[in-house]
Amino acid sequence: MKVLLVHPGPLMYSEIFLRLEPLGLELIAQSVRREGHEVRLLDLQVFSRKVFFDQLRCFCPQAVGFSLNYFANVPEIIDLAVSVRQNRPESFIFVGGHSASFIPEDILEHARGSIDCVIVGEGEKTTLRVLDSFSAQSLAKLPGVVTREGKGPAPELISDIDALEPARDLTRNRRKYFIGGLDPCASIEFARGCPWDCSFCSAWTFYGRTYRTVAPEIAAKNLAAISEPNVFITDDVAFVHPEQGHAIAGEIEKRHIRKRYYLETRADVLLRNLGLFARWKKLGLTNIFLGIEAIDEDTLKQFRKRTDTGGNFKALEAARKIGLVVALNIIADPSWDEKRFETVRNWALNVPEIVHITVNTPYPGTEVWLKDAPLLTTLDYRLYDIQHAVTATRLPLSSFYRELATTQGVLNRKHLGFRGLWDVFGMAASLAFRGHTNFLKMLWKFNKVYNPQRQFEDHGREIRYRLTPPAKTDSPPSRKALYVHGEKRVLPKRS
Ligand code: B12
Ligand code: SF4
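Per this note's numbering, the sequence shown starts with residue 1, numbered consecutively.
Here's what the structure looks like:
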């Protein structure tokens, strides 16, 4: 069967710092291709809509699948699905991905018949089963499949993630993928899931607090197959199991693989494993992202981050000593006033790290979505991108965005100050010389993107698709009820 897999376009707010390859879709593409299907992959972060319509016309896919990892992309994907239905009424249209997994019924409802099914949870196995039986009535009975007729049982987690392989050859124009100065950059997965349970995050609900690792030899073999000189490790929290980190490092040394790496982890994981991170620094690890989230104890507790400020600051110091460039995130709460923004600005200006600010956003699939439902001020999917306030702000909304943009601007200038500009200029010039201009382009976009007036006006746009707020309940549901995959149901090794 001819299958077209599509990743939606970027959001302006995420595009300036990075653009990364659609690894999830590449994994699905490979598992489907192995079974004899003819697969094409189109990434609208990189290609225009015209190319999408050209593909529909020339490739004539019998099935079209969309990747929906982000709520803010819901309207775009519904519109694309509707146009596939109009252009190719006989095609089977399906959607899957992180965010889609939390709101399958809503997606089917918005699409009014233009989407045949939503695949919830990990897509590699379920997509195959769906393509095998999509004409049958039994579709709605398959685990992980939701149709307008009904819903199958919760999907099982894949037990053997070693067997998964991305079809990187199907993503074209790969030089467009970058993260900061790591340009061009590929992505790789060393582990899936997260054992922690932060109240604002859906990584643990999606994977049921499991953490599965890729075997070190396989991880190194996959790394060696990457042609880009830079690699982003997609794990939510890298090296939770330090022995895996050391074993992969050993394989990299054995094979003399030389690349630069960017990974995300937690402050406590870093502090517990300083030797491991120092070893990786020698192997080419240059950048790490730490989800610090808050600079006071109360907020950390409220987020159930299970770290404290003392540990977080120690981790920053330790990373500096190792020589890693650290980016960290602070979550701005809609209850912040001018004074609070100023405190955070001052703190951020006094640490050498790159500080990002995002807005506290209750997403479906998180605990705060259930708790903060009465506070929601908008149900416009496009605003659920952690750059907009979707709950009531203490300051008037326009002042909140002014403070947010001022803070983001101050932090950006901090890195592009005289010394920073000089470093960045050197890096950008050397990349441009080698033909890698993504990073250079991003430097000029900042003011266009972080514009408080524009962010404020985003709230006044016409809304065609709305999130469904969670139903009111007397007692909060159990946390396990949030799990996408049911309770740690794992497929047998070879299935
Ligand atoms: C890399 C990454 C990005 C890349 C995107 C890369 C890409 N194009 O795929 C970039 C940098 C662009 C990005 C941006 C953002 N990201 Co991001 N990102 C990630 C990250 C770290 C890894 C994604 C990944 O490759 N995972 C590995 C692959 C194998 O998993 P996967 O993509 O989930 O795919 C599996 C399933 O979801 C499913 N699936 C996926 N697609 C499809 C399609 C079909 C048809 C089917 C059947 C199944 C299916 O099957 C796959 C295989 O099992 C995840 C965290 C994580 N570890 O997953 C966060 C994560 C997905 N991002 C998140 C967020 C919040 C954002 C931003 C909104 C942040 C921001 N404001 O900047 C933006 C918005 C993006 C946009 N719309 O433009 C959240 C999502 C929260 C939510 N519920 O919406 C996550 C979960 C991080 C977190 N813990 O909070 N991100
Ligand atoms: S924020 Fe990080 S540590 Fe917390 S649950 Fe999400 S991925 Fe895990």
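Using N, Cα and C, we set each Cβ at its ideal position, and we do this for glycine too. Since the structure is predicted, the reported quantities are computational estimates derived from the model, not experimental observations.
For Lys2, the enclosing beta strand (DSSP E) covers residues 2-7.
In the DSSP annotation of this structure, the continuous segment of the alpha helix (DSSP H) that includes Ala278 starts and ends at 274-283.
Rounded to the nearest angstrom, the gap between the Cα atoms of Leu328 and Thr234 is 16 Å. Just so you know, the alpha carbons of Met12 and Cys60 end up roughly 31 Å apart. Bounds of any alpha helix (DSSP H) do not take in Asn69, whose DSSP letter is neither H nor E. Listed in chain order, the non-local C-beta contacts of Ala392 below 6 Å within the same chain comprise Leu375, Thr377, local neighbours out to five positions each way being set aside. Taking 8 Å as the upper bound for CB-CB distance, Ile322 and Ala278 are in contact here, some 5 Å apart. Counting the other CB atoms within 10 Å of its CB gives Ser202 a total of 16 or more, which places it among the buried residues.
Taking Asp268 as the centre and dropping the five residues before and after it, the same chain places the C-beta of Arg306, Thr307, Gly311, Ala315 closer than 8 Å to its C-beta, in chain order. Taking a cut-off of 8 Å for Cβ pairs, the stretch 222-241 and the stretch 193-200 touch, as three or more such pairs fall below it. C-alpha of Arg85 to C-alpha of Asp116: approximately 10 Å in a straight line.
Counting of Cβ neighbours within 10 angstroms places Leu349 among the exposed residues, the total staying below 16.
Separation of the CB atoms of Val146 and Val120 is rounded to 6 Å, and the pair is thereby assigned contact status at 8 Å. Straight through space, the alpha carbons of Leu383 and Ala81 are spaced by roughly 21 Å. Between the ligand B12 and the CB of Val39, the shortest heavy atom gap is not smaller than 8 Å. The criterion of a C-beta distance shorter than 9 Å is satisfied by Val325 and Asn287. Per the Cβ contact rule, the stretch 166-179 is not in contact with the stretch 205-212 (fewer than 3 Cβ pairs under 8 Å). Secondary structure at Leu467: coil, using DSSP grouped into helix, strand and coil. Between His7 and Leu27, the gap from beta carbon to beta carbon reaches 9 Å or more.
Comparing C-alpha distances from Ile78 to each of Glu90, Gly113, Leu482, Ile226 shows the shortest one belongs to Gly113. Put simply, the backbone Cα of Glu38 is about 34 Å away from that of Phe17. Nearest to Ile357 by C-alpha distance, out of Arg394, Phe289, Leu370, Arg320, is Phe289. Looking at the DSSP output, Val118 shares a beta bridge with Val95, Val146. For Arg129, the enclosing alpha helix (DSSP H) has its first and last residue at 124-133. Taken through DSSP and simplified to helix, strand or coil, Thr378 comes out as coil. Taken through DSSP and simplified to helix, strand or coil, Leu11 comes out as coil. Comparing alpha carbon positions, the residue from Gly150, Thr213, Glu149 closest to Leu157 is Thr213. With a threshold of 8 Å, the Cβ atom of Gly24 does not count as near the ligand SF4, since no heavy atom of the ligand is closer than that.
Of all alpha-carbon atoms in Arg258, Val355, Val484, Arg394, the one lying nearest the alpha-carbon of Lys281 is that of Arg258. If you compare the alpha carbons of Thr205, Glu251, Ser335 with that of Ala215, the shortest gap goes to Glu251. In the structure shown, Ala319 falls within a helical segment according to DSSP collapsed to helix, strand and coil. Cβ contact annotation for Gly486 (same chain, cutoff 6 Å, sequence separation greater than five): Ala154, in chain order.
Excluding the 5 residues flanking it on each side, Arg402 has same chain C-beta neighbours closer than 8 Å at Pro452, in chain order.
Per DSSP, the unbroken beta strand (DSSP E) holding Val39 starts and ends at 38-43.
In terms of Cβ geometry, Cys185 and Arg304 do not form a close pair [threshold 9 Å].
Leu270 is positioned such that its CB atom lies no closer than 9 Å to that of Leu285.
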